[in-house]
Structure formats: C-alpha cells, structure tokens
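A.B. asks:
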Amino acid sequence: MITTIALAAFVAATCAWMGKRAISDHRAILAQRRGLLDEAATLFLDVRITFAPDQFPILVSNLEDGRQVRVELLADTMVTRRLPQLWLRVTLSELRERNRPAIGALARPTGAEYYSLVHDLPEWMAPPEMDASLLMRGDGRATAWQVERAATMFRSLFSDPGVKEAVISPRGTRVIRQAAQGERAAHLFLRQIRFAVATISTDLVSKAVTEAKSLSEAMAASEATIPVYEAA
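Position one of the sequence shown corresponds to residue -11 (this note's numbering), numbered consecutively onward.
1. Taking just the CA atoms, how far does Gln73 sit from Met66?
2. Please determine, among Leu62, Gly23 and Glu52, the residue with the shortest C-alpha to C-alpha distance to Glu153.
3. Is Thr190 helix, strand or coil when you go by DSSP?
4. Would you mind sorting Pro115 into buried or exposed? The rule is 16 or more other CB atoms within 10 Å of its CB.
5. Short of 7 Å in beta carbon distance, which residues of its chain neighbour Val48, apart from the five on each side in sequence? Order them along the chain.
6. Leaving out five residues on either side along the sequence, give the residues of the same chain with a beta carbon under 8 Å from the beta carbon of Phe177.
7. What does a CB cutoff of less than 8 Å around Phe142 pick up in its chain, not counting 5 residues either side in sequence?
8. Inspect the beta-carbon positions of Pro45 and Leu25 and report whether they are closer than 8 Å.
9. For Met194, count the other beta carbons within 10 Å of its own beta carbon; 16 or more makes it buried, fewer makes it exposed. Which is it?
10. Val135: which of Met113, Phe39 and Arg86 sits nearest, CA to CA?
11. List the DSSP bridge partners of Asp64.
12. Give the secondary structure of Glu153 by DSSP, where H, G and I count as helix, E and B as strand, and everything else as coil.
13. Going by the DSSP bridge assignment, what does Val57 pair with across the sheet?
14. When you compare each of Arg84, Gly54, Ser204 and Glu52 to Val163 by their alpha carbons, which one comes out closest?
15. State the CB to CB distance for the pair Tyr103 and Arg77, rounded to an integer number of angstroms; the pair is presumed to be in contact (CB under 8 Å).
16. Mind checking which residues open and close the beta strand (DSSP E) that includes Leu223?
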C-alpha cells in the first residue's frame, strides 16, 4: 500500500515537473522567435517590427527610393514526411502600380504551399528546363517575349535551391527563401517546431531584397507597351 502511494506521488510529481518544463521551454522558444530579425533590422532605417500570432517577427521599412519592403518569417509544417521549414518572405511594394503582367514561379510544388501566390495565378506557363521541378504561372497578360524573359530570369534565380518562390506583379515583387529547417528530434519525438537558428543573417535578408529589386526591373523595357488592367 505504501509502495503504491509512493509510486503515485512520484508519478504526479514527475508529470507536474514535465508540465512546468514544457511551459518554460515554450516560452523560451517564443522569446527566441521574437528576436530573429533583430540583426536584419540594422540593414534599414526607420524599421517597424511587429509580431504575428505565432510570435515570429514582421519587419517593415522603406528603401531609399521610398518603396516599402516587408520581411516576414513563415513556419511551414504542411508537408508530411518532411521536416518543418522556416521561410523568409520579402515583399517589395511599388510606389505606384506598374504596367506589367503578373508572373511567378514556385519550386518543388506540392499543392500545400498556403503562402504561395503562384497557385492563385490562372494561367499555366511552360517552365524553364531545370533539375528541380518548377511551377510557372501568370495572369494571362504576358507577351511571348515576357514569358521568355521570365523563364530566363527564373532559371537563373532558382538555380539556388534555397529559393522557394518568386513573383513579379504590377504592385510589387516577392521572394521566398529557406531560412532554416526544423530540428529532427523535436519534430519526430515531441511534435514541436524548433529551428536551430538564433538570428536570420543580414546576408540572407540582403540577398532576398536584392533579388526582389532585380525582379522589379526585369521587364522594365516592355512596360510602356502593355495595356493597363486592374492589378492581379
């Protein structure tokens, strides 16, 4: 009888300790998330940082030419039999709507990319030949030259396996890159989303911003010849 009571007390104490430890670990993970873009913030002036419900930071600033840049982190756990992915999403908004079509490409598509703009574009386009699978779509307004130009541009950009999505539209451009991969043990045994990264490097953010700028100017030569429609 005494042994049974002692065992029950031990189990209760162990469960209480585990619960307390889990809460502490969860708070530590959320605190770490909040600082992931602190280093990247040094790249910009007049930075504004807010936090998504999952406590990943959202950085908003303006470039020297006045265009707004938005830097976000997205945790992706939608694909089964794959470790969670942490995506860096950089969106560059134009000062005014530009006279160009919407065209985008998505690497290694599964259909589960909830964050993707490419899935929402109505027209399928033949992607450039590459080792990795690539889904390329547009809004149906691109000329043959623009499709060819986009395919060449995407072939170069997606030669880097870290690039997940790239989109150019009348209102802005977007680049999504891999920032980190989830810890295997935490995901397999504890079903937790942990990323072994203390900060997102300035090099990675700077590279994504530069790529978004390049996308913005990719079709500048033809913008004057395209009829203006409502933005996609």
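Note that beta-carbon positions come from the ideal geometry of N, C-alpha and C, so glycine has one too.
These numbers were taken from a predicted model, which means no experiment stands behind them.
C.D. replies: According to the structure shown:
1. 9 Å
2. Leu62
3. helix
4. Around the Cβ of Pro115, a 10 Å sphere holds 16 or more other Cβ atoms; the residue is buried.
5. Arg36, Gln56 and Arg58
6. Only weak support exists for where Phe177 lies, its pLDDT of 43 falling under 50; the value from the coordinates is given anyway. The answer is none, since no qualifying residue turns up.
7. Ala93, Pro115, Pro116, Leu122, Met124 and Ala154
8. yes
9. Per the sequence shown, residue 194 should be read as Ser rather than Met. Exposed, because fewer than 16 other Cβ atoms sit within 10 Å of the Cβ of Ser194.
10. Measuring C-alpha to C-alpha distances from Val135 to each of Met113, Phe39 and Arg86 identifies Met113 as the nearest.
11. Gln73
12. strand
13. Note: Val57 sits in a beta bridge opposite Ser49 and Leu80.
14. Ser204
15. 7 Å
16. A query on residue 223 cannot be resolved here, the shown segment of the chain reaching from -11 to 220 and no further.
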